[in-house]
Amino acid sequence: MGANGSVRRSKTAMSYLMNEFNRLKSHGVDGEAVWGEWFAASLASPNVNGASLPQAQTHVEEPVLTLATLQRLATPEDLSLDFRHIATLWKLDSNRDGVVTFEELVTFAEFCNEQRMMLGDLELSQKLKALCVMEMITDVCDEDGQDVFVDWMLKLVAQDMSPRPFRMMRIPVDAQDAGRPTFYVHMDVVMNLYNLLKPCQISSHTNMQDFVDLLHQIGESMNLQPLMIKDLDEWVPLEVVYHWLKRFVAAFTDLYKELGLCIDT
């Protein structure tokens, strides 16, 4: 990152990072307070009282960078980084809450600078990407790694939809049933997810509209997406998105294992 020693001790490097952070910072949705509890309530507690859940406009008090703003982050001329690369984002967001703080940005810059001093400048960007991939594979193959990874990806793609990335609706089974709380994510969240997965060749199998339609059809088959409720046309059941993504990640994890890139613990 242009520093011969520590990034934290370089006034030039720290000033550069601070200026970029201040240019792009926002107050994102609190991934833990909103996403985590909404998700847990949706899947684990069918009788949960929706009024007791955190509201979607809950925001992180600390300024952060979201997925959209990270993709506008300018790196030094001598270092090209791809902030659409899933493994790079995984490395950058060290606490897996779907947003990046200034401290996380500095820590990532320190990592890049340390690798530059060890590996040299030749093809450094590709080497950094490879290191991030190997760390991500190790984490995903670890116990509960897939669940953590899926949860993180959904937090990441939901951030830019604040203040309303989620909604809750009760879908009754019959006239005597009040219906269990069903949680939905906005269609734009699904589109963000699709774009994030493009390097995984999802676009060679389905286009974005067909992907959204597929998730809607799954929701309909599970009685979570009634056709007569037009208010849900731009929303997709959270449960459907989660389980689709979990199967997708499981397939890639199996591939990593077949290639000997991760070992069962």
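In our numbering, the protein residues as written are 107 to 371. C-beta: ideal position from N, C-alpha, C; glycine also.
Cutoff 8 Å; reference residue i; Cβ partners in own chain excluding five residues on either side
i	result
Glu241	Ala193, Trp196 and Lys197
Gln177	Phe189 and Arg190
Asn201	Glu210
Met124	Phe208
Thr338	In the sequence on display, residue 338 carries Leu and not Thr. Hits under 8 Å: Met275, Tyr290, Gln331 and Pro332.
Leu299	Met259, Leu260, Val263, Val347 and Leu351
Limits of the unbroken beta strand (DSSP E) element including residue i
i	result
Val342	Trp341 to Pro343
Burial state of residue i, where buried means 16 or more other Cβ atoms lie within 10 Å
i	result
Asp199	buried
Lys304	exposed
Leu333	exposed
Arg115	exposed
Arg222	buried
Thr288	buried
Leu321	buried
Gln331	buried
Gly366	exposed
Asn372	With the chain represented from 107 up to 371, any question about residue 372 goes unanswered, as that position is not in the structure.
Lys336	exposed
Asp203	buried
Asp257	buried
Asn128	exposed
Contact set for residue i: own chain, Cβ-Cβ below 7 Å, skip 5 residues either direction
i	result
Phe214	Lys197 and Leu198
Val206	Val170, Leu171, Leu176, Leu198 and Asp199
Gly251	Asp245
Ile308	Tyr300
CB-CB length for residue i against residue j, believed under 8 Å
i	j	result
Met297	Trp341	Met297 to Trp341, Cβ: 13 Å. No contact.
Thr359	Val246	6 Å
Ser186	Ser231	5 Å
Ile324	Val291	About 14 Å; that fails the 8 Å criterion.
Phe255	Val355	6 Å
Glu126	Leu179	6 Å
Sequence-distant residues of its chain with Cβ nearer than 6 Å to residue i (five each side left out)
i	result
Thr368	It should be pointed out that residue 368 corresponds to Cys in this sequence rather than to Thr. Once the five neighbours on either side are set aside, the close Cβ partners of Cys368 are Ile243, Cys247 and Tyr362.
Ser158	Confidence is the limiting factor: at Ser158 the pLDDT is only 33, short of 50, which leaves the residue's position unreliable and the question unanswerable from this model.
Met328	none
For residue i, the first and last residue of its enclosing alpha helix (DSSP H)
i	result
Arg222	Phe208 to Leu225
Val205	From DSSP, Val205 is part of no alpha helix (DSSP H); its letter is neither H nor E.
Met247	In the sequence as presented, Met is not what sits at residue 247; that position holds Cys. First-last of the alpha helix (DSSP H) with Cys247: Leu230 to Cys247.
Leu302	Met293 to Leu302
Leu318	Per the sequence shown, the amino acid found at residue 318 is Val instead of Leu. Val318 -> alpha helix (DSSP H) spans Met314 to Ser327.
Arg129	Lys117 to Leu130
Val263	Gly251 to Ala264
Ala174	Leu173 to Leu176
Thr194	Ile192 to Leu198
Taking one C-beta from the stretch 120-127 and one from the stretch 220-231 each time, how about it: are there three or more such pairs within less than 8 Å? Proximity of the stretch 120-127 to the stretch 220-231 falls short of the contact definition, fewer than three beta-carbon pairs being nearer than 8 Å.
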